[in-house]
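In the numbering used here, the protein residues as written are 17 to 153. Cβ atoms here follow ideal geometry from the backbone N, Cα and C, with glycine treated the same way. All values derive from a computational prediction rather than experimental measurement.
See the structure below:
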């Protein structure tokens, strides 16, 4: 079970994990051993709540495809186990980011002093620029 929050968790059968060969330099080992992990998680077919599914689909993360599948590739470590753990941690962090509800914005207005200070600054700047012009005799 991949624990997301106190009440939410994902069963392992909803996460598709496959081992692939890593890219890049690595000597002889890179051509023989499949140490990289390719993790796929289908948002629509998961047991997540509809609210979390909607937030995930609206997230705009490059790891989420148009079909609603999260694709994570982990190949940073030398062993398959470490890469698997890394991929699961990254999935967990992505899902945790959706569970946090952002606070409502309270619209505020700038104070009278802030407005006057801003206008004074603009006036001073304009005067400074006017002094840069040609001198008329």
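Expected contact under 8 Å - CB spacing of residue i and residue j to nearest Å
i          : j           : result
residue 21 : residue 115 : 5 Å
residue 38 : residue 52  : 4 Å
Residue i - DSSP class collapsed to helix/strand/coil
i           : result
residue 127 : coil
residue 77  : coil
residue 146 : helix
residue 62  : coil
residue 2   : Any property of residue 2 remains undetermined from this structure, which presents the chain solely from 17 to 153.
residue 37  : coil
residue 55  : strand
Alpha carbon of residue i to alpha carbon of residue j, nearest angstrom
i           : j           : result
residue 26  : residue 17  : 6 Å
residue 142 : residue 83  : 54 Å
residue 85  : residue 110 : 13 Å
residue 151 : residue 120 : 54 Å
Contact check, residue i vs residue j, beta carbons under 9 Å
i          : j           : result
residue 67 : residue 107 : no
residue 64 : residue 24  : yes
Enumerate, from N- to C-terminal direction, the unbroken beta strand (DSSP E) stretches of 3 or more residues contained entirely within the region 79-128.
Correct list: 85-90.
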